[in-house]
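> Structure provided below as structure tokens; questions to follow.
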Amino acid sequence: MTACPQDSELSEFIARALPPVTAARLEAHVADCADCRRLLFALASTSILEDDVAPPAVRFGRFETIDVIGRGAMGVVYRARDPELDRVVAIKLRRGQGRLEVEGEDRLRREAQALARLTHPNVVAVYEAGRQDDKTYFAMEYVEGSSLDAWLAKPRQPAEVIARMVEAGRGLAAAHAAGLVHRDFKPHNVFVSKEGIAKVGDFGLVRVEGEPAELPGPSTSRDLALTLSGAMLGTPAYMAPEQLRGAPATEACDQFSYCVTFFEALYGQRPFPGASIDELLAAMDRPLVLPASPRIPPAVSRVLVRGLAS
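Position in the sequence shown counted from 1, then plus 33, gives you this note's numbering.
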């Protein structure tokens, strides 16, 4: 394996500022180096890149960008205006370089196609997809509100939390009925509108029924970040034990992730503590202890205990 690149070189790779030969060499190294994959993810998640910020009135098709409302390791989401229908939408765009760009574009298309199969009040709606400057984008429903984890940052009554999680469960069930496995269900991927309605979103890791399962590639990375190309797909803290052990994600795995999210939303902590995959698996092997909370209906607690049984 070649020597690990400097942070500055990884930043230039993310910004697509490297010569093609250098970029190809770095990409090959990152594919084999777990430490560099983690660092690349961290840099991409926290960097504010010039191409992440759209100047006023930049268009994607007929959509006119307003501002950036989200960014991650491989993509950026804009708030935009649809002048023809006079409504605000969200525009999702992938970024990357080399093989990562190709994989990101493919995932974005799959996400748009998956969402287009769904029409449900508890799933973020997709409106249309297109290409501009050799980049795929898609326009989707703009949910004015916050993610579930941000919504939970304020004190909530158990009845409120249960109602939102029931709505999210209906959205996830609708995805399963359409032949979709989400593979990354967690609080940050559920949105709560200003009207108080929960909607499942961010289907970037979706698998469609009939597609070959993507198995985790060999990796020495054991941290809890969402892994990149060639490694585990999903967020380990919310994964089912079979996923953590290397099995492909199924609807049952989504249901386990849903129960982890539900438990965390109600009790303010995840059911299985751990800072690594090994620690998570060890916690799952121990009896689940419910925090004392007389305000939570026993019937709900019993359902969660059953759903989290491994």
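Note that CB positions come from ideal geometry on N, CA and C, so glycine has one too.
Would you identify the three-state DSSP class for Phe171, choosing helix, strand or coil?
By 1-based counting over the sequence shown, the position of residue 171 is 138. Phe171 falls in the strand class under three-state DSSP.
> Consult DSSP for Arg203 and reduce its assignment to one of helix, strand or coil.
As a working note, residue 203 is residue 170 in the sequence shown. Of the three classes helix, strand and coil, the one that applies to Arg203 here is helix, per DSSP.
> What are the start and end residues of the alpha helix (DSSP H) that includes Ala273?
Residue mapping note: residue 273 aligns to position 240 of the sequence shown, counting from 1. Ala273 -> no alpha helix (DSSP H), and no H or E assigned at all.
> Please go through the same chain and pick out, in chain order, the residues whose beta-carbon is closer than 7 angstroms to the beta-carbon of Trp184, but skip the five residues on each side of it.
The residue given as residue 184 occupies position 151 in the sequence shown. These residues qualify, in order along the chain: Val225.
> For Val159, collect the residues of the same chain with a Cβ closer than 7 angstroms to its Cβ; drop the 5 residues on either side in sequence, then sort them by chain order.
Position 126 of the sequence shown holds residue 159. If we look at Val159 and ignore the five residues flanking it on each side, its Cβ neighbours are Ala145, Leu148, Ala149, Phe171, Met173.
> In terms of DSSP beta bridges, what is Val122 paired with?
Position 89 of the sequence shown, counted from the start, is the residue given in the question as residue 122. Answer by DSSP bridge pairing, in chain order: Ala113, Glu174.
> Once DSSP output is grouped into helix, strand and coil, what is the label at Leu59?
Here residue 59 is taken as the residue at index 26 of the sequence shown, counted from 1. Helix.
> Can you have a look at Lys234 and say buried or exposed, based on whether 16 or more other CB atoms are within 10 angstroms of its CB?
Translated into positions along the sequence shown, residue 234 becomes position 201. It should be pointed out that residue 234 corresponds to Gly in this sequence rather than to Lys. Gly234 comes out buried.
> Measuring only the C-alpha atoms, how far is Cys66 from Val239?
Here residue 66 is taken as the residue at index 33 of the sequence shown, counted from 1. Here residue 239 is taken as the residue at index 206 of the sequence shown, counted from 1. Going from the Cα of Cys66 to the Cα of Val239 covers about 25 angstroms.
> Quick test of the definition: if touching needs 3 or more C-beta pairs under 8 angstroms, does the stretch 275 to 286 touch the stretch 202 to 220?
Short answer: they touch.
> Expressed to the nearest angstrom, what Euclidean distance is found between the alpha-carbon atoms of Leu82 and Val91?
Locating residue 82 in the sequence shown gives position 49, where the first residue counts as 1. Locating residue 91 in the sequence shown gives position 58, where the first residue counts as 1. The predicted model places Leu82 with a pLDDT of 43, which falls under 50 and marks its position as unreliable, so this point remains unresolved.
> Give me, in chain order, the residues of the same chain whose beta-carbon lies closer than 6 angstroms to that of Phe296; leave out the 5 immediate sequence neighbours on both sides.
Taking the first residue of the sequence shown as position 1, residue 296 is located at position 263. Once the five neighbours on either side are set aside, the close Cβ partners of Phe296 are Pro304, Leu337.
> So who's on the other strand from Lys232, going by DSSP bridges?
Locating residue 232 in the sequence shown gives position 199, counting from the first residue. Partner(s): Phe224.
> Starting from Gly340, trace the alpha helix (DSSP H) in both directions and tell me its first and last residue.
Working through the sequence shown from its first residue, we reach residue 340 at position 307. First-last of the alpha helix (DSSP H) with Gly340: 331 to 340.
> Confirm, please, whether the CB-CB distance from Leu151 to Lys125 is below 8 angstroms.
Start at 1 with the first residue of the sequence shown, and residue 125 comes out as number 92. Start at 1 with the first residue of the sequence shown, and residue 151 comes out as number 118. Not in contact: Lys125 and Leu151 (Cβ atoms no closer than 8 angstroms).
> Sort Val109, Val63, Asn155, Val293 by Cα distance to Lys168 and report the nearest one.
Here residue 168 refers to the residue found at position 135 when the sequence shown is read from its first residue. Cα-wise, what sits closest to Lys168 is Val109.
> Would Lys227 pass as a contact of Gly204 if the rule is Cβ separation under 8 angstroms?
The residue labelled residue 227 in the question sits at position 194 within the sequence shown. The residue labelled residue 204 in the question sits at position 171 within the sequence shown. In this structure, Gly204 does not lie closer than 8 angstroms to Lys227 by Cβ.
> Does the separation of the CB atoms of Leu313 and Leu277 fall below 8 angstroms?
The residue you call residue 313 lines up with position 280 of the sequence shown. The residue you call residue 277 lines up with position 244 of the sequence shown. Going by C-beta atoms, Leu313 is nearer than 8 angstroms to Leu277.
> On a CA-only basis, which of Arg127, Ile102, Glu138 is nearest Val121? Give me that one, please.
As a working mapping, residue 121 is identified with position 88 in the sequence shown. Answer by Cα proximity: Ile102.
> Where do the N-terminal and C-terminal ends of the alpha helix (DSSP H) with Phe96 fall, by residue?
Position 63 of the sequence shown, counted from the first residue, corresponds to residue 96. Run containing Phe96: none in the alpha helix (DSSP H); it sits in the beta strand (DSSP E), 96 to 104.
> Whole angstroms are fine: how far does the CA of Ser343 sit from the CA of Arg328?
Locating residue 328 in the sequence shown gives position 295, counting from the first residue. Locating residue 343 in the sequence shown gives position 310, counting from the first residue. So the two alpha carbons sit approximately 26 angstroms from each other.
> Suppose you measure from the CA of Ser334 to the CA of Asp311; what does that come to, to the nearest Å?
Along the sequence shown, one-based indexing puts residue 334 at 301. Along the sequence shown, one-based indexing puts residue 311 at 278. If I take the Cα positions, the gap works out to 26 angstroms.
> Which partner residues does Gly163 have in the DSSP bridge list?
Mapped onto the sequence shown, residue 163 falls at position 130. According to DSSP, which records beta bridges pairwise, Gly163 is partnered with Tyr170.
> Looking only at its chain, what residues have a beta carbon closer than 7 angstroms to the beta carbon of Leu321, apart from the 5 residues adjacent to it on each side?
What you label residue 321 is simply residue 288 of the sequence shown in a count that begins at 1. Pro304, Val338, Leu341.
> Can you give me the Cβ contacts of Phe237 inside the same chain, cut-off strictly under 6 angstroms, excluding the 5 residues immediately before and after it?
Taking the sequence shown and counting its residues from 1, the one referred to as residue 237 is at position 204. According to the sequence as given, residue 237 is Gly; it is not Phe. Excluding positions up to five away in sequence, the list reads Arg140, Glu144.
> Could you give the residue range of the alpha helix (DSSP H) that holds Phe289?
Along the sequence shown, read from residue 1 onward, the residue named residue 289 stands at position 256. First-last of the alpha helix (DSSP H) with Phe289: 284 to 300.
> Answer yes or no: do Ser180 and His221 have a C-beta to C-beta separation smaller than 8 angstroms?
Looking up residue 180 in the sequence shown gives position 147. Looking up residue 221 in the sequence shown gives position 188. Their beta carbons are under 8 angstroms apart, which means Ser180 touches His221 by this criterion.
> Considering only the alpha carbon of each residue, which of Gly229, Asp166, Pro188, Val199 lies closest to Gly178?
Mapped onto the sequence shown, residue 178 falls at position 145. Nearest option by C-alpha distance: Gly229.
> At the level of alpha carbons, what is the spacing between Asp318 and Gly279?
Here residue 318 refers to the residue found at position 285 of the sequence shown. Here residue 279 refers to the residue found at position 246 of the sequence shown. Each residue's alpha carbon lies about 17 angstroms from the other.
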